[in-house]
Amino acid sequence: MIIDGHTHIHPHADGWGGRYDASLATLVEALTQGPVQRAVVLPIAPKVSNDFIAESCRRYPDQLIGFASVDPMAATAGIEELERAVGQLKLKGLKLHPRLQGFGRNEYTQLVPLIQRAARLNVPVLIDAFPYGKELFETRAVELINALAEAVPDANLIMAHAGGYQLFEAFLVAKAHRNVFLDISYTLPYFRGSSIETDLGFVIRKMHAQRIIYGSDHPEQPLAAAFTETRVVLERYGLTPKQMDAVLGENLAPLVNGVSL
Ligand SMILES: [Zn+2]
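Shown next, in the form of structure tokens:
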């Protein structure tokens, strides 16, 4: 079972920007075509609601795995929304985005209670870690995840985009913390032709392909095209078939309830 660990949908097809098709129908159509059969769908509060994600998952329970998103700076209200999203809406994880939600390493202490609650609810927390834009040096997401992994060792933290250009720092954070996973979405196509192609192979081999999670970041990198391109690169790394299966779904499956392979 191949799972795409990082996709987005929006109630409006152009809701992720006019250049992309973020409709539910397009994502489901791509999953129906295969070979990627399931996808984690990620909202970002308040841009996409947890209710929309939950409703989409109810329509396509065999294809979609929905995560929640809350405002991590909303303190108790954020924790209550996570409780509702997991308890009532049956969502399977939490997505946070430092750059788009306006927090970073400096807000670490405010985040700890939310991460602790996610751990208690037994859902993973996926945190964007692609340094970008004018906040490049402000959010310090890789450092933030390092601190959270230390403070809440029973929380499973997925570092989205494997740190982007900070790939080696992301790798060392994951090496130091068994509760940190690296989602490799977006970074390969963004840095296509750079040394990151080789560096990612080094990191995956050093991690023995453990805690590495495939994802596309659909619709910015459309699901099927991203998979085709990434598989070509992964095949160059000389992974065993078992390691390839791990990256393409089996490392993620135990983190989200209700996935049976
Ligand atoms: Zn994304």
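First residue of the sequence shown? That's 1016 in the working numbering, and the numbers climb one at a time after it.
From the three backbone atoms N, C-alpha and C, an ideal C-beta is built for every residue, glycine too.
Less than 8 Å separating the beta-carbons of residue i and residue j?
i: ALA1083; j: VAL1101; result: yes
i: PHE1145; j: HIS1176; result: yes
i: ILE1018; j: ALA1045; result: no
i: ALA1189; j: VAL1140; result: no
i: ASP1143; j: ARG1099; result: no
i: ASN1266; j: ILE1219; result: no
i: LEU1109; j: VAL1138; result: yes
i: LEU1182; j: VAL1248; result: no
i: ALA1040; j: GLY1030; result: no
i: GLY1216; j: TYR1252; result: yes
Excluding the 5 residues flanking residue i on each side, which residues of the same chain have their C-beta closer than 6 Å to its C-beta?
i: CYS1072; result: LEU1079 and GLY1081
i: PHE1242; result: VAL1051
i: TYR1180; result: none
i: PHE1067; result: PRO1026
i: ASN1272; result: LYS1107
Would you say the beta carbon of residue i is closer than 7 Å to some non-hydrogen atom of ligand 1?
i: HIS1021; result: yes
i: LEU1203; result: no
i: LEU1172; result: no
i: LEU1057; result: yes
i: ASP1232; result: yes
Helix, strand or coil for residue i per DSSP?
i: MET1016; result: coil
i: LYS1110; result: strand
i: ASP1260; result: helix
i: ILE1142; result: strand
i: MET1174; result: strand
i: LEU1136; result: coil
i: PHE1082; result: coil
i: VAL1247; result: helix
i: VAL1063; result: coil
i: ASP1198; result: strand
i: ARG1053; result: strand
i: ILE1227; result: strand
i: THR1255; result: coil
i: THR1091; result: helix
Excluding the five sequence neighbours on either side, which residues of its own chain have a C-beta within less than 7 Å of the C-beta of residue i, listed in chain order?
i: LYS1257; result: none
i: ILE1094; result: PRO1128, LEU1129 and ARG1132
i: SER1231; result: ASP1019, HIS1021, THR1022, SER1200, LEU1238, ALA1241 and PHE1242
i: ALA1224; result: LEU1254, GLN1258, ALA1261 and VAL1262
i: ARG1155; result: GLY1119 and ARG1120
Taking residue i and residue j to be in contact with their CB atoms under 8 Å, please state how far apart those CB atoms are, rounded to whole angstroms.
i: ARG1120; j: LEU1159; result: 5 Å
i: TYR1035; j: GLU1235; result: 6 Å
Got a sec: does ligand 2 put a non-hydrogen atom nearer than 7 Å to the Cβ of residue i?
i: PHE1206; result: With respect to ligand 2, the structure offers nothing, as its ligand set consists of ligand 1.
Using a Cβ-Cβ cut-off of 8 Å (strictly less than) and excluding sequence neighbours within five positions of residue i, which residues of its own chain qualify?
i: PRO1061; result: ASP1086
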